[in-house]
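Read the structure below first, then the notes.
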Ligand code: C2E
Ligand code: CA
Ligand code: CA
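In my numbering, the protein residues as written are 804 to 1398.
Given below as structure tokens:
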């Protein structure tokens, strides 16, 4: 009917027409005038479908004068976007079928080619006896509303910071992949969970603005490394998911991940500073036995955590073994929380000796955990877990206090301890803790230990991750009079010249170099070069993991100041240390400033 019929001519002719079929509403001219001057874009159609009146407001709404609608009964169709025509026809079909109300939302094109969203509402006018008098319709401009809705929809599916699709979208995508795999029996997709390593340190030390900027940069790198926008998702703070579909084999997925790892590791420039980031990856390949999106995400995350704790160079693929390990880890995490309360941690001490005289010059405090079942657990197992859960801050403080008070006690009762130093390992979280300097200074004061008797060990990786912040903290610690030592040197990627900027006085060569020295002449050359350069920079050097006399001789020849390892002593309980100290040749003269 209306919109598809009524051949029209001029407005005047139309008015005559209206008078012939005059509906009740138009019983008088003033009512008709009311419609014409309505502030809304309004249409009146007679019961037989002829357009009776269109309000002047139409020009404001669509840019065309009313006369166009009178001249051409299908003018509305002409300005409607072609793809929305079915909506328009559908609306009139409903009214033709006797509905009293119908509405549709569609876009029209204005004379300047701009588009506007319109909501067209048609309702039937019935007289007191229920007879059909025609149709009254309103056309509202809903462009602004539509754009708000569009934005809201975007926010529902996208992350506002990186503009990447979010967790909901990711779940939807995995669900679709599962449905397709079920239909084709080709489970050739992979879900990769990505977590940025130690991202919290960035936020804590450089602030959230830097954190946001770095996340956006990383998101760009992920996006540009994948096939399309919709295959990378940000599903949490520093967590992303990649979806690979139609993969040929698992190897190709792993190759792509390797490329990604390299890209992520490229330094990021922020405020003129170079920031080094890395990420861990957990992979869950399509598997006909796993058919929920949530399980894909969960398993990929479990694999990621497994990879992290095993140091598998950032990537781990999910399998059932990983799952049972994850269960063990969860129970360990629960136990770890109670371990501090139940006093289950204790320290052992490993001597650091003068490479020439073998005299003990200090010792390193190493933490152990005797759990409620009486098993001794290695720090390599629980320290990463304590790091992740944040418990490391309390545990680290306990270790510091215990080590300082033990040495302070010995110093009071045994003169042989007078020149000895205790080395304590710091973790990454402790180094980025704003209160670290206060904690250390309070402990020294409480235990009455001279600051130069304490040496804190940090790894080069910890420094590289966060050089500016580490520098500030280390300078504060140095100002307290505490010694600083680079641990595990050689395992990171930093150069000695780079490390020189930090206020460190001592360097520990990682045991992997020492272990290999005899068989691998190149490693011995590296050890010699590191020692020479460290000396040139005013640092003293400790070799770790010295197990054989031959290694000690080689280190001696290379000029290594101090050594630590099973050759001299394994880590021992504190009560055994005084007798070990007297049995080892005690330092006779004034020692060099380190050891
Ligand atoms: P690290 O700081 O490199 O500590 C030296 C590790 O080498 C110790 O392992 C020690 O037992 C072992 N070791 C010493 N001499 C030899 C040797 O001749 N041969 C071999 N194969 N190994 C030797 P441990 O006690 O299992 O500690 C492992 C790591 O756990 C430490 O490595 C350190 O990174 C961390 N850790 C230990 N205690 C603490 C702590 O209180 N706080 C923090 N943050 N980390 C700690
Ligand atoms: Ca250490
Ligand atoms: Ca070490």
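The beta carbon of each residue, even a glycine, is placed where N, CA and C say it ideally should be.
- If you draw a 10 Å sphere on the C-beta of residue 957, you find fewer than 16 other C-beta atoms in it, and that means exposed.
- At least 8 angstroms separates the beta-carbon of residue 860 from that of residue 936.
- Set against 7 angstroms, the gap from the CB of residue 1347 to the closest heavy atom of ligand 3 is smaller.
- Here residue 1302 is near residue 1266, since their CB atoms are less than 8 angstroms apart.
- Within its own chain, the residues whose Cβ lies closer than 8 angstroms to the Cβ of residue 1192, once the five positions on either side in sequence are excluded, are 1136, 1139, 1140, listed in chain order.
- Under the three-state reduction of DSSP, residue 920 is assigned to strand.
- Membership of residue 1128 in any beta strand (DSSP E) is not indicated; the residue belongs instead to the alpha helix (DSSP H) covering 1123-1144.
- Leaving aside the five residues that flank residue 872 on each side, the residues in its chain whose CB is nearer than 6 angstroms to its CB run, in chain order, 857, 878.
- Note on residue 1354: 16 or more other CB atoms within 10 angstroms of its CB, so buried under the neighbour-count rule.
- Around ligand 2, the residues selected by a Cβ distance under 6 angstroms to any of its heavy atoms are 1167, 1228, 1260, 1290, following chain order.
- DSSP places residue 1070 outside any alpha helix (DSSP H), giving it a letter other than H or E.
- Counting along the chain, residue 912 sits inside the beta strand (DSSP E) bounded by residues 904-912.
- For residue 1313, the shortest separation between its Cβ and any heavy atom of ligand 3 lies below 7 angstroms.
- Judged by DSSP in its simplified three-state form, residue 1108 adopts helix.
- Exclusion of residue 1235 from the 7 angstroms shell around ligand 1 follows from its C-beta lying no nearer than that to any non-hydrogen atom of the ligand.
- Residue 986: member of the alpha helix (DSSP H) spanning 970-987, first to last residue.
- In this structure, residue 974 sits away from residue 1041, with a CB-CB distance that is not shorter than 8 angstroms.
- Residue 1233 is a Cβ neighbour of residue 1199, given a cutoff of 8 angstroms.
- Residue pairing of residue 1349 in beta bridges, as defined by DSSP: absent, with no partner found.
- Judged by pairs of C-beta atoms under 8 angstroms, the stretch 1159-1174 touches the stretch 1210-1227, as three or more such pairs exist.
- Counting other Cβ atoms within 10 Å of its Cβ, residue 904 stays below 16 and is therefore classed as exposed.
- The nearest non-hydrogen atom of ligand 1 is less than 7 angstroms from the C-beta of residue 1183.
- Per DSSP, residue 1228 is one residue of the beta strand (DSSP E) stretching across 1224-1228.
- Annotation for residue 1288: the continuous beta strand (DSSP E) segment containing it runs 1286-1292.
- The Cβ neighbour count for residue 863, taken over all protein chains shown within 10 Å, is under 16; the residue is labelled exposed.
- In this chain, residue 1168 is not harboured by any alpha helix (DSSP H); it is covered by the beta strand (DSSP E) spanning 1163-1173.
- In this structure, residue 1047 keeps its C-beta atom at 8 angstroms or more from the C-beta atom of residue 1028.
- The criterion of a C-beta distance shorter than 8 angstroms is satisfied by residue 909 and residue 883.
- Each of 1067, 1219, 876 was checked against the Cα of residue 1383, and the nearest Cα belongs to 1219.
- Rounded to whole angstroms, the Cβ separation of residue 1348 and residue 1317 is 5 angstroms, and the two are in contact under 8 angstroms.
- Contact check for residue 1172 against residue 1142 passes: the beta carbons are separated by less than 8 angstroms.
- For residue 1369, the shortest separation between its Cβ and any heavy atom of ligand 1 lies below 7 angstroms.
- The shortest CA-to-CA distance from residue 1213 to any of 1381, 853, 943 is the one to 1381.
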